[in-house]
Amino acid sequence: DGGITQSPKYLFRKEGQNVTLSCEQNLNHDAMYWYRQDPGQGLRLIYYSQIVNDFQKGDIAEGYSVSREKKESFPLTVTSAQKNPTAFYLCASSTPDRYTGELFFGEGSRLTVL
Amino acid sequence: GQSLEQPSEVTAVEGAIVQINCTYQTSGFYGLSWYQQHDGGAPTFLSYNALDGLEETGRFSSFLSRSDSYGYLLLQELQMKDSASYFCAVREDSGAGSYQLTFGKGTKLSVIP
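Protein chains in written order, with this note's numbering: chain A, 80 to 193; chain B, 49 to 161.
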């Protein structure tokens with residue numbers, strides 16, 4: 080079955096540590112996205128990529144980094160520079176077509192900083 | 049920049065009809081999407097409107113007026129399982145041939161017996 084796999088589902092981190100969240104898709108989609116969701120809030124765009132080896136900052140990119148070395152993979156690193164990293168992180172993919180509004184989401188990774 | 053406004057909470061009775069409105073301000077607008085998210089889960093796609101008018105998919109319908117920068121999601125024959133958060137999202141041109149999807153803060157729908 081095609082879909083998006085995020086791992087780990089739950090992650091605990093000490094302050095000052097970097098952590099990398101995995102996102103893999105087998106939908107053959109060119110575009111991939113990372114969103115952050117805080118309790119009772121909407122989704123805020125961190126980074127997105129429309130093609131391999133290229134990515135753009137979203138609205139809240141500070142303290143995060145990404146890479147897109149393969150079409151299937153778009154890992155997100157939460158660095159120690161991110162002041163408030165505890166949140167629910169969602170990865171998504173889509174065709175890059177401007178005329179589609181459908182994103183396919185993974186099940187999310189819940190990061191807690193201790 | 050961009051902004052989307054939708055009510056934070058709505059309560060409706062099982063079997064009734066509810067409308068969730070969304071207004072937006074953005075440049076490079078291509079279309080308006082709606083997503084459903086149950087507590088603890090991932091958002092799931094409901095609909096996308098690129099043109100003015102009403103799109104119907106089963107019990108759910110979505111409307112767009114580009115001239116008014118306004119859209120709504122209409123849920124009919126409400127069921128308890130429809131209790132969830134609903135997000136509107138705009139597909140917009142972010143420059144240099146890139147297109148992103150920007151989400152509103154969501155409307156929490158509670159369906160009561």
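All C-beta atoms in this analysis are idealised placements derived from N, C-alpha and C, irrespective of residue type, glycine included.
Would residue i pass as an interface residue toward chain B - the criterion being a Cβ-Cβ separation below 9 angstroms?
{"i": "Thr179/A", "result": "yes"}
{"i": "Pro87/A", "result": "no"}
{"i": "Glu94/A", "result": "no"}
{"i": "Arg123/A", "result": "yes"}
{"i": "Gly33/A", "result": "Since the displayed chain A opens at 80 and closes at 193, residue 33/A lies outside it and no answer follows."}
{"i": "Lys173/A", "result": "According to the sequence displayed, residue 173/A carries Ser and not Lys. Yes, its Cβ sits closer than 9 angstroms to a Cβ of chain B."}
{"i": "Phe91/A", "result": "no"}
{"i": "Tyr143/A", "result": "no"}
{"i": "Asp176/A", "result": "yes"}
{"i": "Phe153/A", "result": "no"}
{"i": "Leu182/A", "result": "yes"}
{"i": "Gln104/A", "result": "no"}
{"i": "Asp109/A", "result": "no"}
Going by beta-carbon coordinates alone, are residue i and residue j separated by less than 9 angstroms?
{"i": "Gln120/A", "j": "Gly187/A", "result": "no"}
{"i": "Ser159/A", "j": "Glu94/A", "result": "yes"}
{"i": "Gly27/B", "j": "Gly180/A", "result": "For residue 27/B there is no data in the structure shown, the boundaries of chain B being 49 and 161."}
{"i": "Ile68/B", "j": "Leu102/B", "result": "no"}
{"i": "Gln96/A", "j": "Ser142/B", "result": "no"}
{"i": "Val138/B", "j": "Ser56/B", "result": "no"}
{"i": "Leu193/A", "j": "Tyr112/A", "result": "no"}
{"i": "Pro175/A", "j": "Gln129/A", "result": "yes"}
{"i": "Ala110/A", "j": "Tyr126/A", "result": "no"}
{"i": "Ser51/B", "j": "Gln73/B", "result": "yes"}
{"i": "Gly142/A", "j": "Val157/A", "result": "yes"}
{"i": "Leu100/A", "j": "Pro87/A", "result": "yes"}
{"i": "Thr71/B", "j": "Ser117/B", "result": "yes"}
Mind checking residue i: buried by the 16 CB within 10 Å criterion, or exposed?
{"i": "Val61/B", "result": "exposed"}
{"i": "Tyr89/A", "result": "exposed"}
{"i": "Tyr178/A", "result": "exposed"}
{"i": "Thr191/A", "result": "exposed"}
{"i": "Phe91/A", "result": "exposed"}
{"i": "Gly137/A", "result": "buried"}
{"i": "Thr155/B", "result": "buried"}
{"i": "Asn97/B", "result": "buried"}
{"i": "Glu140/B", "result": "buried"}
{"i": "Ser173/A", "result": "buried"}
Since residue i and residue j are thought to touch, with beta carbons under 8 angstroms apart, how far apart are those beta carbons, to the nearest angstrom?
{"i": "Gly119/B", "j": "Leu112/B", "result": "4 angstroms"}
{"i": "Leu99/B", "j": "Gln84/B", "result": "At roughly 22 angstroms, the Cβ-Cβ gap does not stay under 8 angstroms, so Leu99/B and Gln84/B are not in contact."}
{"i": "Ile160/B", "j": "Gln124/B", "result": "Contact doesn't hold; Cβ gap of about 16 angstroms is too wide."}
Do we get a CB-CB distance below 9 angstroms when we pair residue i with the residues of chain A?
{"i": "Leu121/B", "result": "no"}
{"i": "Phe135/B", "result": "yes"}
{"i": "Ser142/B", "result": "yes"}
{"i": "Phe111/B", "result": "no"}
{"i": "Phe108/B", "result": "no"}
{"i": "Arg139/B", "result": "yes"}
{"i": "Gly154/B", "result": "yes"}
{"i": "Leu157/B", "result": "no"}
{"i": "Gly79/B", "result": "yes"}
{"i": "Thr92/B", "result": "yes"}
{"i": "Tyr96/B", "result": "yes"}
{"i": "Tyr118/B", "result": "no"}
Quiz item: Quick one: any contact between the segment 99-112 of chain A and the segment 130-138 of chain B, if contact means 3 or more CB pairs under 8 angstroms?
Solution: no
**Message:** Would you call the segment 149-157 of chain B in contact with the segment 111-129 of chain A, where contact means no fewer than 3 C-beta pairs closer than 8 angstroms?
**Reply:** yes
Check whether the segment 161-181 of chain A touches the segment 75-94 of chain B, counting contact only when three or more Cβ pairs, one atom from each stretch, lie closer than 8 angstroms. yes
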